[in-house]
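Reviewing the structure listed below.
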Amino acid sequence: MASVEVTGKNFEKLINENGIVLLDFWASWCGPCKMFGPIFETSSEKHKDIVFGKVNTEEEQELAGAFGIRSIPTLMIFRDKILLFQQAGALPESALEEVIGKVRDLDMNMVRAEIEKEQANHEHGPGCNHDHGHDDSGHGHKH
Numbered sequence: 000m001a002s003v004e005v006t007g008k009n010f011e012k013l014i015n016e017n018g019i020v021l022l023d024f025w026a027s028w029c030g031p032c033k034m035f036g037p038i039f040e041t042s043s044e045k046h047k048d049i050v051f052g053k054v055n056t057e058e059e060q061e062l063a064g065a066f067g068i069r070s071i072p073t074l075m076i077f078r079d080k081i082l083l084f085q086q087a088g089a090l091p092e093s094a095l096e097e098v099i100g101k102v103r104d105l106d107m108n109m110v111r112a113e114i115e116k117e118q119a120n121h122e123h124g125p126g127c128n129h130d131h132g133h134d135d136s137g138h139g140h141k142h
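In numbering that gives the first Met the number 0, the protein residues as written are 0 to 142.
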């Protein structure tokens, strides 16, 4: 399956309705993007069950800004609506295939459990006054 153009209008639907989604943030003037483009397209033909989307950062500045894209190309990989991988720079084909394999092999139940644990234990800055059931001694939960 060839890559699809991703915009602010179809982004959420794409992420919500597909298991694995790879996004290539690129621009027409970007040399490394031109090198990575054919690698991305070749991979899209190999993995027909995965959505490969291209985000033109010149046309979709708001979407690129929402993800804090500072350099291109940047590759992002989502699975089950969770961002699992983000890296700037043109990956060689072997590295792209390796990361796709790792994303496929992940136990998403473990990923979700880890996210829940991190959210429950997140550190708070000054002014955070909501209660997560922690005591302030660093010895676990309140009794």
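Glycine is no exception: its CB is placed at the ideal position from the N, C-alpha and C atoms. Computed from a predicted model, the values in this text were never measured in an experiment.
- request: Please go through the stretch 29 to 105 and give each complete alpha helix (DSSP H) segment of 4 or more residues, from N-terminal end onward.
  value: As far as the stretch 29 to 105 is concerned, its whole alpha helix (DSSP H) runs of at least 4 residues are 30 to 45, 60 to 65, 92 to 104.
message: Can you give me the C-alpha to C-alpha distance between Ile49 and Glu92, rounded to a whole angstrom?
response: In the sequence shown, the residue the question calls residue 49 occupies position 50. In the sequence shown, the residue the question calls residue 92 occupies position 93. When rounded, the separation of the alpha-carbon atoms in Ile49 and Glu92 is 16 Å.
message: Pop quiz: Val54 and Asp23 are said to be a contact at Cβ under 8 Å. What is the actual Cβ separation, rounded to whole angstroms?
response: On the sequence shown, residue 54 is found 55 positions in, with the first residue counted as 1. On the sequence shown, residue 23 is found 24 positions in, with the first residue counted as 1. Confirmed, about 7 Å.
- request: Note down, in chain order, each residue of its chain lying with its Cβ closer than 7 Å to the Cβ of Ile68, except the 5 sequence neighbours on either side.
  value: Taking the sequence shown and counting its residues from 1, the one referred to as residue 68 is at position 69. Phe24, Thr56.
query: What is the DSSP secondary structure of Val3, counted as helix, strand or coil?
result: Numbered from 1 along the sequence shown, position 4 holds the residue referred to as residue 3. Val3: strand per DSSP, three-state reduction.
- prompt: So which of His46, Leu105, Pro31, Trp28 has the shortest CA-CA distance to Leu83?
  reply: Locating residue 83 in the sequence shown gives position 84, counting from the first residue. The shortest Cα separation from Leu83 among His46, Leu105, Pro31, Trp28 belongs to Leu105.
Leu21 - partner residues in DSSP beta bridges: Residue mapping note: residue 21 aligns to position 22 of the sequence shown, counting from 1. Answer by DSSP bridge pairing, in chain order: Phe51, Ile76.
field: Inter-stretch contact (C-beta, 8 Å, three-pair minimum) for the stretch 60 to 76 and the stretch 31 to 43
entry: Output reads yes: the stretch 31 to 43 touches the stretch 60 to 76.
message: Can you give me the C-alpha to C-alpha distance between Ile38 and Val20, rounded to a whole angstrom?
response: Here residue 38 refers to the residue found at position 39 when the sequence shown is read from its first residue. Here residue 20 refers to the residue found at position 21 when the sequence shown is read from its first residue. Distance between the alpha carbons of Ile38 and Val20: 16 Å.
- request: Decide if Glu97 is buried, meaning its Cβ has at least 16 other Cβ atoms within 10 Å, or exposed.
  value: The count along the sequence shown starts at 1 and reaches residue 97 at position 98. Residue burial is scored here from C-beta neighbours: Glu97 has fewer than 16 other C-beta atoms within 10 angstroms and is therefore classed as exposed.
Span of the alpha helix (DSSP H) around Asn15: If you number the sequence shown from 1, residue 15 lands on position 16. Its alpha helix (DSSP H) spans residues 10 to 16.
Distance CB(Leu95)-CB(Gly7) smaller than 8 Å: Position 96 of the sequence shown holds residue 95. Position 8 of the sequence shown holds residue 7. No, the pair does not count as a contact, with Cβ atoms beyond the cut-off.
message: Let's test the definition: count the other Cβ atoms within 10 Å of the Cβ of Ala143 and tell me whether it reaches 16, buried, or not, exposed.
response: In the structure as shown, the chain starts at 0 and stops at 142, and residue 143 therefore has no counterpart that could be examined.
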